[in-house]
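J.: Okay, here's the structure, questions in a sec.
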Amino acid sequence: MNNLRRSTKLLLATVLLAGLGTASFAKERVYTWKLATTWGPTLSPFIDAPKNMAKMVKEMSNGRLVIRIDASNKHKSPFGVFDMVKGGQYDMAHTASYYWKGKDITLLPLTTMPFGMTAPEQYGWFYEGGGMELMQKAYSKHRMLSYPGGNTGNQMGGWFRKEIKTLDDLKGLKMRIPGFAGEVMAKLGLAVTNIAPGELYTSLERGGLDALEWVGPGMDIKMGFHKVAPYYYTGWHEPSTELQYLVNKKKFNKLPKDLQVILETAMRLSAYDMYIENYAMSAEAWSKIAKEYPNIKIKTFPKEIMDAIKKATKEIIAEKSEGNALLQEILASQNAFQAKARPWTIMSDFIYLKDNME
Ligand code: CA
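First residue of the sequence shown: 9, per this note's numbering; consecutive thereafter.
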């Protein structure tokens, strides 16, 4: 009888322990993260990438990793997100690497380069050509990790109030154009600035800017730039703009391994989704442009200007990379991958399009 009682007690204890085990699993630690964006709360498709990423992370982790998003209207510092993630006030950000050229020029080519790779070529470089490793190397001194956060594809060259016929027409123009292209335009005599996305239209309308570039028809036409500056130029400067997730390395290392994998997977998928969303938006806008916006004049910069732009690009690359071994390593790696990939891009996409033009 005693033995039976003892066994029953043992069994009960086992059941209880098992129960406790289940209960403790259900109450496993929830990680709540904060993400800051350079974008406002309605700036599609940029803002959709972190929103989709956070939703996927929550679902895939069964609620164990929750990421709250503060858009720029909340934290009031669109270009402060780099320092806020570095300093740990935010765990991660969604932004673009070339905005930080003033802090660290090495980070600039991780977004896009004038006359550089197209989006599929650049994704090839990131994931198959050593780009991810170089990006982590560049961000490690800032105690951050960085991941591709969505690509805009080839961007348009910008909106101008007047037609640009000669190099002289560019001199003294106040233009918003970030990244490496901003350096090039400055060398051609423009007064170059970078302005937060939310202030672009007002600056152009009030004359604070004479010209600006933003993204492509999907995002640009909604902003209304064509009402003030109807000359819309084809692009040369941002053939594959990759946005970036920045992640505080210390915080990332504190996550359990499975949550790290979930986060990385969701970031990568959300980037791909944004690339598709932006592509579809631009295709839709472009299909209507002639009919719905007859005042928009599509232009290509004259040869004189393109030659000057190419020359300035080469000179600035040489100037900026002097004495910066990591920047040289990144640019050499990008150039080598581009040289290898481009003949296939031409043979596949370009020849296909050329041979099938109506
Ligand atoms: Ca742009």
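We treat Cβ as the ideally placed atom computed from N, Cα and C, and that holds for glycine.
1. How would you call W244, buried or exposed, if buried means at least 16 neighbouring beta carbons within 10 angstroms?
2. Select from K111, G165, E213, E191 the residue whose C-alpha is nearest the C-alpha of V223.
3. With respect to 7 Å, is the separation between the Cβ of W133 and the closest non-hydrogen atom of ligand 1 below this value?
4. So which residues touch the region around ligand 1, with touch meaning a C-beta under 7 Å from any heavy atom?
5. Check each candidate in P58, G132, L153, I229 and name the one with the smallest Cα separation from L208.
6. DSSP three-state label for Y239, please.
7. Indicate whether Y253 and M282 have their beta-carbon atoms separated by less than 8 Å.
8. Using a Cβ-Cβ cut-off of 6 Å (strictly less than) and excluding sequence neighbours within five positions of T321, which residues of its own chain qualify?
9. Within the continuous beta strand (DSSP E) that includes S69, where are the two ends?
10. Looking only at its own chain, which residues have a Cβ that is under 8 Å from the Cβ of T114, when we skip the five neighbours before and after it?
11. Taking the beta carbon of E312 as the centre, do at least 16 other beta carbons fall within 10 Å, making it buried, or is it exposed?
12. Relative to the C-alpha of D357, which candidate in M61, L116, A79, A127 has its C-alpha closest?
13. Per DSSP, G158 forms a beta bridge with which residues?
14. Taking the alpha-carbon positions, what's the F87 to T103 distance?
15. I'd like the span of the beta strand (DSSP E) that includes Q97, first residue to last.
16. What does the alpha-carbon distance come out to for the pair S154 and P58?
17. Thinking C-alpha only, which one of E36, D363, I325 is nearest F188?
18. Per DSSP, what are the beta-bridge partners of M152 in this structure?
19. Compare the Cα-Cα distances from K35 to each of F54, T201, N70, L43 and report the closest residue.
20. Would you call I354 buried or exposed, if buried means 16 or more other Cβ atoms sit within 10 Å of its Cβ?
21. May I ask you to report which of helix, strand or coil DSSP gives I354?
22. What residues are listed by DSSP as bridge partners for G48?
23. Apart from the five residues just before and just after M289, which ones in its own chain have a Cβ nearer than 6 Å to its Cβ?
24. Can the beta-carbon of L73 be found closer than 8 Å to that of I270?
25. Within a Cβ cutoff of 7 Å, which residues of the same chain sit near Y287, ignoring the five residues on either side of it in sequence?
26. Would you mind reading off the limits of the beta strand (DSSP E) that contains T201?
27. According to DSSP, is E330 helix, strand or coil?
28. Does DSSP classify F87 as helix, strand or coil?
29. Can you find the residues in the same chain that come closer than 6 Å, C-beta to C-beta, to G190, ignoring five residues on each side of it along the sequence?
30. Just to confirm before moving on: does the CB-CB distance between W133 and M125 stay below 8 Å?
31. I'd like the list of long-range same chain contacts for K259, defined as Cβ closer than 6 Å, with 5 residues on each side in sequence excluded.
32. Output the distance between the C-alpha atoms of P1 and I304, rounded to the nearest integer angstrom.
33. In terms of residue numbering, what span does the beta strand (DSSP E) encompassing I306 cover?
T.: Reading it off the structure:
1. buried
2. G165
3. no
4. Q163, P186, E221, W222, V223, E246, T249
5. I229
6. strand
7. no
8. P122, V192
9. First-last for S69: undefined, no H or E at that position.
10. A146, N332, L334, L335, I338
11. exposed
12. A127
13. Answer is none; G158 lacks a bridge partner.
14. 9 Å
15. Per DSSP, Q97 belongs to no beta strand (DSSP E) and is neither H nor E.
16. 14 Å
17. I325
18. N256
19. N70
20. exposed
21. helix
22. Bridge partners of G48: none, in fact.
23. G226
24. yes
25. G161
26. 199 to 201
27. coil
28. coil
29. V200
30. yes
31. D99
32. Because the chain is modelled from 9 through 366, residue 1 falls outside the range shown and cannot be assessed.
33. 305 to 307
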